[in-house]
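Q:
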Ligand SMILES: Cc1cc2nc3c(=O)[nH]c(=O)nc-3n(C[C@H](O)[C@H](O)[C@H](O)COP(=O)(O)OP(=O)(O)OC[C@H]3O[C@@H](n4cnc5c(N)ncnc54)[C@H](O)[C@@H]3O)c2cc1C
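Residue numbers (the working numbering): 3 to 277.
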């Protein structure tokens, strides 16, 4: 187990300002295994500690991997990353860890992706995957909401998403904004605005937990099977490999058994407030 906890040394090669207090770090690292969409890495900042961050995009450049991580500043380590990490900075990285989105199992189905705020980060590899293997899936529907237009991630990629054949993209913000012509309201309202074939659709959802609960129950009402609705859960997470127990949810560890779970697996736990 020890070797799994030793970080590799990566280097920041690009920083993209996504939204207030949210940046995407492109990290170059040798010998990093290719992640499954939805997996995460643990980033280590010397002298400050570690944080669990989803891999929002990944590619190889020669022998090096470039892993993208979109980080929102909330506390000690993420604040340090925001203020001190720039192009050229070293950073420790270990992973990839966790159970990602099941995609291969659902080839042939329509795909509904529902994201809220920074929740688009772990969903982004699904959009890349479907764009790359377009003929393996049916319709693609992306519903994405944020508080304000300025909070939306990856705006520079929306043209690429919209160009995916047989796809629908709907966007929402919580409150009216000058110049905004798309929907105003919760992203879960957009579920009522798409036509779904419940027998032939798989849904991948990530955002604030309340949003995921509302989305899942709406989708169940629309006739989707509970074992075809997948949520990426977030809990305070330390080791990333199921040893420390901080992310335990009932009999499950979010880091090791998830972070992606079917709604069927976790709905009873999600119904318990504060768990
Ligand atoms: C599987 C997984 C994937 C994640 N992916 C991303 C990502 O792509 N981008 C991103 O910005 N963040 C992501 N996170 C959350 C990220 O790990 C935490 O925000 C980070 O650890 C905070 O570290 P910190 O030292 O800056 O804050 P701390 O000083 O440790 O905490 C600051 C505050 O945030 C709260 N907090 C810390 N971690 C969590 C958590 N996991 N859930 C709820 N509240 C928390 C603390 O209770 C405290 O109030 C992910 C978490 C998990 C479990």
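We put the beta carbon where it would ideally sit given N, CA and C, even for glycine.
#1: If you measure from the CB of residue 287, is any heavy atom of ligand 1 nearer than 6 Å?
#2: Give the straight-line distance between the Cα atoms of residue 24 and residue 74, rounded to the nearest whole angstrom.
#3: Please determine whether the Cβ atom of residue 56 lies at a distance below 6 Å from any heavy atom of ligand 2.
#4: Could you name the residues that DSSP lists as bridge partners for residue 204?
#5: For residue 261, verify whether its CB is less than 6 Å away from any heavy atom of ligand 1.
#6: Comparing alpha-carbon positions, which option in 36, 262, 58, 270 lies nearest residue 159?
#7: Hey, how far is the Cα of residue 71 from the Cα of residue 250?
#8: Apply the 10 Å Cβ neighbour rule to residue 177 and answer buried if 16 or more other Cβ atoms are within range, or exposed otherwise.
#9: Classify residue 272 as buried or exposed, calling it buried when 16 or more other Cβ atoms lie within 10 Å of its own Cβ.
#10: Hey, residue 98 and residue 41 are a contact pair by Cβ (cut 8 Å); roughly how many whole angstroms apart?
#11: Mind checking whether the beta-carbon of residue 246 lies closer than 6 Å to any heavy atom of ligand 1?
#12: Skipping 5 residues on each side, what residues in its chain have a beta carbon closer than 6 Å to that of residue 127?
#13: In the DSSP assignment, the beta strand (DSSP E) including residue 171 goes from what residue to what residue?
#14: Using 10 angstroms around the beta-carbon of residue 53, count the other beta-carbons present and answer buried if the total reaches 16, otherwise exposed.
#15: How is the alpha helix (DSSP H) around residue 74 delimited, first residue to last?
#16: For a quick check, are the C-beta atoms of residue 141 and residue 112 less than 7 Å apart?
#17: Around the Cβ of residue 35, are there at least 16 other Cβ atoms within 10 angstroms (buried) or fewer (exposed)?
#18: Measuring CA to CA, which of 255, 240, 246 is closest to residue 43?
#19: Out of 188, 16, 209, which has the shortest C-alpha to C-alpha gap to residue 91?
#20: Please confirm whether residue 45 and residue 8 have their CB atoms less than 7 Å apart.
#21: In this structure, does DSSP put residue 125 in helix, strand or coil?
#22: Nearer than 6 Å: is that true of the beta carbon of residue 44 relative to any heavy atom of ligand 1?
#23: Looking at the secondary structure, which residues open and close the alpha helix (DSSP H) in which residue 164 lies?
#24: Could you please give the first and the last residue of the uninterrupted alpha helix (DSSP H) stretch that includes residue 45?
#25: If you drop the 5 nearest sequence neighbours on each side, which residues of the same chain put their C-beta closer than 8 Å to that of residue 224?
#26: Is it buried or exposed for residue 212, if we count other Cβ within 10 angstroms and need 16 for buried?
#27: Please list the terminal residues of the continuous alpha helix (DSSP H) segment that includes residue 272.
#28: Can you tell me whether DSSP reads residue 253 as helix, strand or coil?
#29: Taking only runs of the beta strand (DSSP E) that begin and end inside the stretch 3-37, which ones reach a length of at least 3 residues, in chain order?
A: Inspection of the coordinates gives the following:
#1: In the structure as shown, the chain begins at 3 and stops at 277. Residue 287 is therefore absent and cannot be evaluated.
#2: 4 Å
#3: Among the ligands present in this structure, namely ligand 1, ligand 2 is not found.
#4: 113
#5: yes
#6: 58
#7: 24 Å
#8: exposed
#9: buried
#10: 4 Å
#11: no
#12: 39
#13: 169-175
#14: buried
#15: Not the alpha helix (DSSP H): residue 74 falls in the beta strand (DSSP E), residues 66-74.
#16: yes
#17: exposed
#18: 240
#19: 16
#20: no
#21: helix
#22: no
#23: 160-164
#24: Not the alpha helix (DSSP H): residue 45 falls in the beta strand (DSSP E), residues 42-47.
#25: 193, 198, 200
#26: exposed
#27: 265-272
#28: coil
#29: 10-21, 24-32
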